[in-house]
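Data block below; observations after.
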Amino acid sequence: MESIKRLGIFILIFAFSLVLLLKEPFIGIADNSDYYRVIQPLGFKPEISNRYFYAYNFYTVNDMSSEDIKGSLSNIISPKVENDNEYFSTQFIFIKVSMIINYLLKIVLGKSPEIFNIKILGILYAAIYSYGLCLFLTNINFKYKYINYLFLIIALVILCDMGYLLYFNSFFGEAAIIASLMITLGLLTAIIKTESKIKSLFYIILFYIFALALTGAKVANTPIGILIGIFSLALFIVKADWLSRAVILIGSILIICFSIFYYTNAPRWMSQVNNYQSIFFGITKDSNEPEKDLEKLSIPLKYLPLTNTHGFLDHGEFDIYSDEFQKEVYDNATFLDILKFYFLNPSRAVEKLKLSADSSVIIRPSYLGNCSKEDEPERLSFTERFSLWSNIRKNALGYAFYIIVSYSVLFFIINIYEIINNIKQYDYENTAFAFAALLLFLTTMSQFVLPIIGNGEADLQKHMLLFNLCFDIMILVGICWLINNFYTKTVSAVVLTAFVVFCIAIFIQTANEETKETGTLKIGQYIYLGSYKNEPLKWVVLNKDENGYLLWFDNTVEYMEFDYSDETNSDNIYGSNNWIESDVRRWLFEFKSNFNDEEKLLIKDVKLKNILSYNNIEKSIGGNRPFYWNSITSYVSQNYNTDAYYNYSAESVFLLDVYQLQKYVYENKISLKKQERYWLRTPYYSSESMVRIVDKDGFVYHKDANVKAGVIPAVYIDENVSAIEGDGTYTSPIAIEKSRR
Numbered sequence: 003m004e005s006i007k008r009l010g011i012f013i014l015i016f017a018f019s020l021v022l023l024l025k026e027p028f029i030g031i032a033d034n035s036d037y038y039r040v041i042q043p044l045g046f047k048p049e050i051s052n053r054y055f056y057a058y059n060f061y062t063v064n065d066m067s068s069e070d071i072k073g074s075l076s077n078i079i080s081p082k083v084e085n086d087n088e089y090f091s092t093q094f095i096f097i098k099v100s101m102i103i104n105y106l107l108k109i110v111l112g113k114s115p116e117i118f119n120i121k122i123l124g125i126l127y128a129a130i131y132s133y134g135l136c137l138f139l140t141n142i143n144f145k146y147k148y149i150n151y152l153f154l155i156i157a158l159v160i161l162c163d164m165g166y167l168l169y170f171n172s173f174f175g176e177a178a179i180i181a182s183l184m185i186t187l188g189l190l191t192a193i194i195k196t197e198s199k200i201k202s203l204f205y206i207i208l209f210y211i212f213a214l215a216l217t218g219a220k221v222a223n224t225p226i227g228i229l230i231g232i233f234s235l236a237l238f239i240v241k242a243d244w245l246s247r248a249v250i251l252i253g254s255i256l257i258i259c260f261s262i263f264y265y266t267n268a269p270r271w272m273s274q275v276n277n278y279q280s281i282f283f284g285i286t287k288d289s290n291e292p293e294k295d296l297e298k299l300s301i302p303l304k305y306l307p308l309t310n311t312h313g314f315l316d317h318g319e320f321d322i323y324s325d326e327f328q329k330e331v332y333d334n335a336t337f338l339d340i341l342k343f344y345f346l347n348p349s350r351a352v353e354k355l356k357l358s359a360d361s362s363v364i365i366r367p368s369y370l371g372n373c374s375k376e377d378e379p380e381r382l383s384f385t386e387r388f389s390l391w392s393n394i395r396k397n398a399l400g401y402a403f404y405i406i407v408s409y410s411v412l413f414f415i416i417n418i419y420e421i422i423n424n425i426k427q428y429d430y431e432n433t434a435f436a437f438a439a440l441l442l443f444l445t446t447m448s449q450f451v452l453p454i455i456g457n458g459e460a461d462l463q464k465h466m467l468l469f470n471l472c473f474d475i476m477i478l479v480g481i482c483w484l485i486n487n488f489y490t491k492t493v494s495a496v497v498l499t500a501f502v503v504f505c506i507a508i509f510i511q512t513a514n515e516e517t518k519e520t521g522t523l524k525i526g527q528y529i530y531l532g533s534y535k536n537e538p539l540k541w542v543v544l545n546k547d548e549n550g551y552l553l554w555f556d557n558t559v560e561y562m563e564f565d566y567s568d569e570t571n572s573d574n575i576y577g578s579n580n581w582i583e584s585d586v587r588r589w590l591f592e593f594k595s596n597f598n599d600e601e602k603l604l605i606k607d608v609k610l611k612n613i614l615s616y617n618n619i620e621k622s623i624g625g626n627r628p629f630y631w632n633s634i635t636s637y638v639s640q641n642y643n644t645d646a647y648y649n650y651s652a653e654s655v656f657l658l659d660v661y662q663l664q665k666y667v668y669e670n671k672i673s674l675k676k677q678e679r680y681w682l683r684t685p686y687y688s689s690e691s692m693v694r695i696v697d698k699d700g701f702v703y704h705k706d707a708n709v710k711a712g713v714i715p716a717v718y719i720d721e722n723v724s725a726i727e728g729d730g731t732y733t734s735p736i737a738i739e740k741s742r743r
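Using my numbering, you'd call the opening residue of the sequence shown number 3 and step up by one each time.
Shown next, in the form of structure tokens:
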């Protein structure tokens, strides 16, 4: 009966996952340049056109010319190609298995075996993931059936969110990590619950196989392998027979040794890039005293110009792969040295962890498209298929650090309490479960701190994926604990403590916020100024500075292209991201006609700073670095005020840029979410056509200039104004006039 129930739940989860993954139109995740090191040594022909923008369903395998099946399968298992990047990952095993399945299916169906359908890989990952989730759910039982069903639904909403499943239709190592982690966790619960020695032994062997797959999927996972090797010894508590214990001991030793071997044999170039980014795009990035940071790390100050740069930029006179650089930089700032730096500078560590926390609110990378070119001509488009949990998570922006810390502290305290309590009661099964929860907690915390320590801020959103999955599983474990202890006094104490801790954390955050005095008008007040299409224009006050009051229209006034066509470059078919020459700027110049003569006198002509993309840096009057990308609204301004390329322009009616959005909208807690996406005037540096936009979720992405988005004007008005009527609320905006003195 139990086997039938388990099979039914597996089929349900697997079928649900397949519907999400295989339903047309095709969705996946676009390549960010990582694909090459994975698929090149496996014999694929890399698809480099439209990288970042489109997900691809089909890929070409180079050497499938063998006439016999044996020869073709041999080419798959052992491709006759050089491994250009000397890169190895256990991910290769999953891909090769899917290649074999793909080849055999194509032969049976009479189709070209050279074409690999990535959906085959997605199905393989989905099967492994579904089985792991099935084991996890069926080994957690509640008293009432309806609670089991409710918990199943909650688990599906969280763990089958497309933010996770999308990776299965990709060549990213994260796909192997997600699938391996889930089945490792599921097998761990099965080992604890299973009494049959034969089944238990089978689960133990599978557990270590997939634990090795998890560890070897990425070099960054090696600490997890060591944690698994140590904590899996706790299975001795529930497995008393000598054979099971022998296999557990051998498996633990093997995974610890493999972790050390894999870490020490990582490609030198990869270790160097990661180390570089942990220093210059981590410790010294946005530092007020980068020279002192380098001195603390014993790095010569001649490398100070590299501050705020990542490993894939032009480093001028410095060769970051040279022996000299290795000796003077990397040898003085190893992983342990960087860990020590943050330990001795806790305020800097907290600052970086807040960034990590805010970066973790987005599950899928927000700079990689999900759709194919055939199905969605608009580049860099995202799917909303089964993304409820992804959208819920985004609402934690600004509070994520406090939520993570508060919940993690409570989880740890309860976990230790459960271990001690169960040991006292000789409850071996629940003691083992408590140690499994402790392993989950330590894995989660390691993935919270290691990305920023090991790789700086580079690609941080994607690097937080494993933390996201582990933390979401921690949430499910917490829900499970609450349900099982619902009527105990412990739950009341925990809920009360959690509420108090979170309130204190939020109070500390809000207490540090300054109240800004702005004169006649106050930040956040609404005013009337002008009319458009016979409707009064309602503006919100964002700031007051030397230019006067900065006003931002309450909603979009039009839905149009930023720039329909690039008149300076016929090869660019997507429009220009140069604000000064854009169509929307010309349209806003004409928009001034919607104000009467008195209102026009209030509107000021001001000089504004404009960030430039790579193709316009010859027009810059300052800056020496690209403007770095971040979609997290609280960090979107990046190096705007330090070293990004820029120029100035004279404006009267204009669009906000990323700095104004972060500083005056987000930080002043003015709603930036609108019913439709809207333009900013800031370009995406790495493109000649893409411009930053704010989407309906309030995060800042980028789109080609020739697509349509909302236009929200901004203006500066004279500070010498008087209120005629209205109290400044949304329903009663202030009518203003120029002060008479």
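The beta carbon of each residue, even a glycine, is placed where N, CA and C say it ideally should be. Here the structure is a predicted model, which means the values were calculated and not measured.
Which residues DSSP lists as bridging residue i, in chain order
i: P538; result: S533
i: T62; result: K47, I117
i: G712; result: Y561, Y680
i: V724; result: According to the sequence provided, residue 724 is Ser. The question's Val does not apply to it. Paired residues: E739.
i: Y648; result: I613, G624
i: Y528; result: V542
i: E765; result: The displayed coordinates of the chain run from 3 to 743. Any statement about residue 765 would go beyond what the structure contains.
Selection from the options that minimises the alpha carbon distance to residue i
i: S688; options: N641, N579, F443, Y278; result: N579
i: L158; options: Y650, A17, T558; result: A17
i: K535; options: V667, S595, L135; result: S595
i: E386; options: I29, G10, L471, S5; result: I29
i: T309; options: A32, N641, S741; result: N641
i: I117; options: K47, G165, E297; result: K47
i: I726; options: A57, I529, C482, R587; result: I529
i: P348; options: I285, S389, R8; result: I285
i: L45; options: A359, D360, L189, L75; result: Inspection of the sequence shows that residue 45 is occupied by Gly rather than by Leu. It is L75.
Helix, strand or coil at residue i according to DSSP, with G and I counted as helix
i: H465; result: helix
i: T731; result: coil
i: I364; result: coil
i: I155; result: helix
i: I130; result: helix
i: S745; result: The structure shown does not extend to residue 745, since the chain spans only 3 to 743, so no value can be given for it.
i: R694; result: strand
i: Y703; result: strand
i: N223; result: helix
i: V717; result: strand
i: Y323; result: coil
i: W483; result: helix
i: L523; result: coil
i: P269; result: coil
i: I31; result: coil
6 Å CB neighbourhood of residue i in its chain, flanking five on each side removed
i: I258; result: I228, G231
i: A513; result: Its pLDDT being 47, under 50, A513 is placed unreliably in this model, and the coordinates cannot settle the point.
i: K464; result: P367
i: H312; result: Q279, F283, A460
i: P685; result: N579, S615, V693
i: D565; result: G577, S578, S584, D585, A707
i: A737; result: Y530, I726, E727, G728
Beta-carbon proximity list for residue i, same chain, < 7 Å, skipping 5 on both sides
i: E293; result: L303, L306
i: Q449; result: L468, F469, C472
i: R8; result: C136, T140
Residues near residue i in its chain [Cβ-Cβ closer than 8 Å; skip 5 each side]
i: I623; result: Y648, N649, Y650
i: I748; result: Only positions 3 to 743 of the chain appear in the structure, and residue 748 is not among them; the question remains open.
i: V129; result: One detail in the question is off: residue 129 reads as Ala in this sequence, not Val. Contacts found: F16.
### Query
Can at least three beta-carbon pairs, one atom from the stretch 163–172 and one from the stretch 361–379, be found at a separation below 8 Å?
Yes, since at least three Cβ pairs between the stretch 163–172 and the stretch 361–379 fall closer than 8 Å, the two stretches touch.
### Message
For the pair the stretch 458–468 and the stretch 267–281, tell me if three or more CB-CB distances fall below 8 Å.
### Response
Under the 8 Å Cβ criterion, the stretch 458–468 counts as touching the stretch 267–281, having at least three qualifying pairs.
### Query
Contact between the stretch 566–578 and the stretch 705–716: three or more CB pairs below 8 Å?
At 8 Å Cβ cutoff, the stretches touch.
### Message
With three or more C-beta pairs closer than 8 Å as the rule, is the stretch 90–100 touching the stretch 209–221?
### Response
Pairwise C-beta distances place the stretch 209–221 in contact with the stretch 90–100, as three or more of them are shorter than 8 Å.
#### Entry: At least three beta-carbon pairs within less than 8 Å, the stretch 264–271 to the stretch 431–444
Fewer than three Cβ pairs drawn from the stretch 264–271 and the stretch 431–444 lie within less than 8 Å of each other, which leaves the two stretches out of contact.
### Task
Please determine if the stretch 338–353 and the stretch 609–626 are in contact, where contact requires at least 3 C-beta pairs separated by less than 8 Å.
Touching, no, given that fewer than three Cβ pairs across the two stretches are closer than 8 Å.
### Query
Do the stretch 597–611 and the stretch 709–724 touch if we need at least three Cβ pairs shorter than 8 Å?
At 8 Å Cβ cutoff, the stretches touch.
### Given 8 Å, three or more beta-carbon pairs between the stretch 189–208 and the stretch 400–410
Verdict: no, contact absent.
### Task
Pair every Cβ in the stretch 551–558 with every Cβ in the stretch 670–683, then say whether three or more of these pairs are closer than 8 Å.
Touching, per the Cβ criterion.
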